[in-house]
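For the sequence shown, this note's numbering assigns the number 598 to the last residue and increments by one with no breaks. The C-beta atom is built at its ideal place from N, Cα and C for all residues, glycine as well. Keep in mind it's a predicted model, so treat the numbers as computed, not measured.
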Amino acid sequence: MDAAILCDTLQAILPDRMIEAAAMEHGVIARQRKLEIVKLVRALVLNAGSDDSGTLADAFRRYRGEATETVVRGAFYDWLDEEMAVLMECLLEHAMQYANSLPVHLPGILGTVDDWRIFDSETVTLRNALAEDYPGSGSLAAVKVHKELSVGRGCMTYCHFGPAREHDAPHLEVDERYRDQGLLVDLGYASLKFIGSCKLHGAKYIIRLKNNWKAQVERIDRGEVQAALVPGTDLDMLIEDEVIVLGGRCVDAAVTLGQGKKAVSARLVMIPGPDGYLSYLTNLARGTHGPHQVGELYRVRWEIESDNKLDKSGGRLDQIRATTESSVRILLCAALLHSMVVDVLIHRDNLDRAECQEVRRAPLHRLALAYALRLRHRELLVALSCPGRAHKHWSRLADLLSAEGRDPNWRHRPSVLDRLLGLTAPRGRPRKKKRRDCPRSAAPYRTTKPRRAIAMS
């Protein structure tokens, strides 16, 4: 990550003119007063709170230190009203539109669709006084953030808020937006209607097979079969009668789910795992994705769980103690914008890494970069107030964030997506060993010597 990537990303997600124009449009600044809206928004997004106090208290201290005119605490909290919440929602919508405009990076088996979309939700517990606006299920008041994550762009591309009491499935509607896209969802969204909608609108999908679904096998394309197969036989019966012999081998079959007009057809893939077989339903072509590749693609769904952890650990999404509905929306948007800054920086760094073929450079880690941004947020606010990309603050900050945000475990513990994107490297020499014990394949990643010197050693 260089100064250009850092500067362009922050100015694209937190643009001065857009913030000022939206503030005037929605009445955030209804009259001439002390509020400096750009500094306030940036303090809310980049600060993300601390262990000693909340996001609003830290944002107030940061804003009071950066603003040209002093403001009292009561006046600051009066600004966090409905108009300010609408402004933050507009800014989040602008950031998601910017994320959708980024180039897609999907090498290998990921590139058979235009993009892969992952859907999930995360629940945030609120004060009991907000139970009327956000009724919860386990607690009196809670809000649920419904998210859509783009694998090819590495960040959230759509979200909306709702009461935690509502189920996840109604919040995902498959339509023409997802034509030629791939969808990765958990069992909360899986249904026969979802499978039928994907077929109708030309979307690819991978889901787990629910335990209470009765799959009727029509054809077996891969697997050991010891007897004649009668089309339409229940899968559990075929396994119990040993018509289909598992024995640690993969199974690939065409199945039918449901009955009558609600019946849908799908491809069933069964893969041996550490605790038994893992069963998936998909409509990916057998010629492009085998059973193990289907399983690897579904494991990419963990990226949204990692992004949820970034929201809560990096942006402190789960530590919202606001007492008004508008303050809750402001803090939700601020935390999600903080995560989007981190994700976009990582995605653009990965694009630069792939373009320059710098395989020796470790990828950025979500949480490490988020902590580095929080640590350097005051310097970032100063740099944002200085126009010009070549400013010395940007180069220094980019170097610091790159050094502090790199993934320390990228060699010996890469994620599934890292392997699919090619962000891996051979392991080097064991600890407390000399350089001559380093494998030749890993030597370029562990030393700065020329290749000739490595060969001579």
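Taking DSSP as the reference, what is the three-state secondary structure of residue i?
{"i": "Leu-419", "result": "strand"}
{"i": "Thr-264", "result": "strand"}
{"i": "Trp-220", "result": "coil"}
{"i": "Pro-276", "result": "strand"}
{"i": "Ile-595", "result": "In this prediction, Ile-595 scores a pLDDT of 41, lower than 50, which makes its location untrustworthy; the coordinate-derived value is nonetheless stated afterwards. Looking at Ile-595 - three-state DSSP - the assignment turns out to be helix."}
{"i": "Lys-590", "result": "Here the model assigns Lys-590 a pLDDT of 46, short of 50, so the residue's position is not dependable, and the following value carries that caveat. Coil."}
{"i": "Met-159", "result": "helix"}
{"i": "Lys-288", "result": "strand"}
{"i": "Leu-505", "result": "strand"}
{"i": "Asp-393", "result": "strand"}
{"i": "Arg-349", "result": "strand"}
{"i": "Ala-282", "result": "strand"}
{"i": "Asn-550", "result": "coil"}
{"i": "Asp-309", "result": "coil"}
{"i": "Gly-215", "result": "helix"}
{"i": "Val-245", "result": "coil"}
{"i": "Ala-463", "result": "coil"}
{"i": "Thr-565", "result": "coil"}
{"i": "Glu-234", "result": "helix"}
{"i": "Gly-293", "result": "coil"}
In the DSSP assignment, the alpha helix (DSSP H) including residue i goes from what residue to what residue?
{"i": "Val-482", "result": "466–497"}
{"i": "Cys-148", "result": "144–154"}
{"i": "Arg-537", "result": "533–546"}
{"i": "Arg-457", "result": "Premise fails: Arg-457 is in no alpha helix (DSSP H) and is neither H nor E."}
{"i": "Asn-269", "result": "Run containing Asn-269: none; DSSP gives neither H nor E here."}
{"i": "Arg-183", "result": "178–188"}
{"i": "Val-169", "result": "It is not in any alpha helix (DSSP H) - Val-169 carries neither H nor E in the DSSP assignment."}
Which partner residues does residue i have in the DSSP bridge list?
{"i": "His-518", "result": "His-518 is not bridged to any residue."}
{"i": "Trp-257", "result": "Gly-323"}
Can you name the start and end residues of the beta strand (DSSP E) that residue i belongs to?
{"i": "Gly-303", "result": "296–304"}
Which whole-angstrom value is the C-beta distance of residue i and residue j, which I expect to be below 8 Å?
{"i": "Leu-614", "j": "Val-441", "result": "With the chain represented from 142 up to 598, any question about residue 614 goes unanswered, as that position is not in the structure."}
{"i": "Met-229", "j": "Ala-511", "result": "Not confirmed; about 19 Å, so no contact."}
{"i": "Leu-492", "j": "Pro-244", "result": "7 Å"}
{"i": "Ser-447", "j": "Arg-507", "result": "6 Å"}
{"i": "Leu-538", "j": "Leu-521", "result": "6 Å"}
{"i": "Ile-412", "j": "Gly-388", "result": "So it is not a contact: roughly 13 Å between Cβ atoms."}
{"i": "Leu-458", "j": "Val-265", "result": "6 Å"}
{"i": "Val-179", "j": "Glu-166", "result": "About 15 Å separates the two Cβ atoms, so there is no contact after all."}
{"i": "Val-386", "j": "Gln-367", "result": "6 Å"}
{"i": "Leu-398", "j": "Ala-356", "result": "6 Å"}
{"i": "His-342", "j": "Asp-375", "result": "The Cβ separation is near 29 Å, so there is no contact."}
{"i": "Trp-535", "j": "Ala-503", "result": "Not quite, the Cβ-Cβ distance comes to about 21 Å (not below 8 Å), so this is no contact."}
{"i": "Asp-309", "j": "Ser-278", "result": "Wrong, their Cβ atoms sit about 12 Å apart, outside the cutoff."}
{"i": "Met-481", "j": "Ala-236", "result": "5 Å"}
{"i": "Val-286", "j": "Cys-300", "result": "6 Å"}
{"i": "Asp-362", "j": "Asp-321", "result": "Not really, about 24 Å apart at Cβ, beyond 8 Å."}
{"i": "Leu-438", "j": "Ile-347", "result": "6 Å"}
{"i": "Leu-187", "j": "His-479", "result": "7 Å"}
Between residue i and chain C, is any beta-carbon pair separated by less than 8 Å?
{"i": "Arg-440", "result": "Within the model displayed, chain C is absent; a lone protein chain is all it includes."}
Between residue i and the ligand SAH, is there a pair consisting of the residue's CB and a ligand heavy atom that are separated by less than 7 Å?
{"i": "Cys-497", "result": "This structure lacks the ligand SAH, and indeed carries no ligand of any kind."}
- In chain order, which continuous runs of the alpha helix (DSSP H) of length 4 or greater are located wholly inside the segment 355–391? 376–381
- Query: Which whole runs of the alpha helix (DSSP H) in the segment 311–344 are 4 residues long or more, in chain order?
  - Reply: 333–341
- Within the segment 397–446, ranges of the beta strand (DSSP E) (whole runs, at least 3 residues): 405–414, 417–423
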